[in-house]
Amino acid sequence: MTLAQQSTFAFVDAPTWGGARDNAGRKKKHGHVPHAPRRSVCKSHLRLVTTKLCAGLPSLRSPDGGEVCVEAIRAAQRADFRIHHFSIQHDHLHLVLAADSSDALARGMKSLCTRIARNLNQRWGRAGRVFAQRFHDEVLKSLGRLWHALRYVLCNHNKHGSGAGRAAVAPDLFSSGRYFDGWSDFAADWDPRARGSHVAPPPWTLRECVKRYGRFSLHFTPKPRVVRAA
Numbered sequence: 639m640t641l642a643q644q645s646t647f648a649f650v651d652a653p654t655w656g657g658a659r660d661n662a663g664r665k666k667k668h669g670h671v672p673h674a675p676r677r678s679v680c681k682s683h684l685r686l687v688t689t690k691l692c693a694g695l696p697s698l699r700s701p702d703g704g705e706v707c708v709e710a711i712r713a714a715q716r717a718d719f720r721i722h723h724f725s726i727q728h729d730h731l732h733l734v735l736a737a738d739s740s741d742a743l744a745r746g747m748k749s750l751c752t753r754i755a756r757n758l759n760q761r762w763g764r765a766g767r768v769f770a771q772r773f774h775d776e777v778l779k780s781l782g783r784l785w786h787a788l789r790y791v792l793c794n795h796n797k798h799g800s801g802a803g804r805a806a807v808a809p810d811l812f813s814s815g816r817y818f819d820g821w822s823d824f825a826a827d828w829d830p831r832a833r834g835s836h837v838a839p840p841p842w843t844l845r846e847c848v849k850r851y852g853r854f855s856l857h858f859t860p861k862p863r864v865v866r867a868a
């Protein structure tokens with residue numbers, strides 16, 4: 639056999655596995671919160687926390703769903719874990735809260751989500767997972783970011799088309815809006831310091847951000863939120 643003949647081979651039984659090819663490797667997951675270390679917790683910084691339900695479950699904006707979520711929020715309040723505002727949407731919750739440590743944040747959210755899941759499953763006559771993934775949180779280090787997050791949460795129903803639009807004369811019933819003393823067209827009629835309140839009294843940062851950046855209307859419609867690096 640000549641050298642020229644030796645240089646050509648026909649790999650009839652060449653393996654079909656390994657190497658670069660289309661759709662190789664671990665599949666990407668879309669819409670999930672990356673399982674990365676969370677930002678460090680400082681008790682002086684409030685956080686915007688969002689937690690989402692599994693697909694196909696009934697809406698939270700119903701008498702059963704709303705009652706379960708509000709009572710769970712009230713029961714989750716602790717000295718080291720304080721929920722100051724919330725908004726309940728069809729398939730997710732927004733919370734503005736403070737925690738004294740990373741452990742307090744983890745314990746508080748676990749307690750809240752466990753209570754909601756257990757009671758919703760009981761009301762809905764089902765068993766199984768309720769929340770789709772770990773919660774997403776954003777650290778609100780500046781008064782400006784806190785003000786924008788607060789407006790985003792309390793007016794979130796307008797974004798999703800769940801509000802009364804320009805006809806609204808009161809905050810969303812599925813939110814803590816009636817505790818908020820920063821509306822330009824509504825006077826708060828629920829006291830967060832009263833016995834049995836669902837939310838924790840506002841820290842100075844919540845009062846100061848409204849004083850500095852102004853009140854906002856019931857009719858504001860938030861745009862999709864862009865999360866910046868903390």
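The numbering of the sequence shown is the numbering used here, which starts it at 639 and goes up by one.
We put the beta carbon where it would ideally sit given N, CA and C, even for glycine.
Here the structure is a predicted model, which means the values were calculated and not measured.
- In the displayed model, Thr859 falls within coil according to three-state DSSP, outside both helix and strand.
- The three-state reading of DSSP puts Ser725 in strand, counting E and B together.
- Looking at Ser814, Cys692 and Pro830, the one whose alpha-carbon comes closest to that of Leu856 is Ser814.
- The C-alpha of Asp702 is placed about 18 Å away from the C-alpha of His732.
- By DSSP's assignment, Val777 forms a beta bridge with Arg685.
- Shown here, Arg767 sits in coil according to DSSP, grouped into three states, outside any helix or strand.
- Residue burial annotation: Val807 is exposed, with fewer than 16 other C-beta atoms found within 10 angstroms of its C-beta.
- The criterion of a C-beta distance shorter than 9 Å is satisfied by Leu788 and His723.
- Our two residues, His730 and Leu695, have alpha carbons roughly 11 Å apart in a direct line.
- Nearest to Arg745 by alpha-carbon distance, out of Gly852, Gly766 and Arg772, is Arg772.
- A residue is called buried once 16 or more other Cβ atoms fall within 10 Å of its Cβ, and Trp785 is buried on that count.
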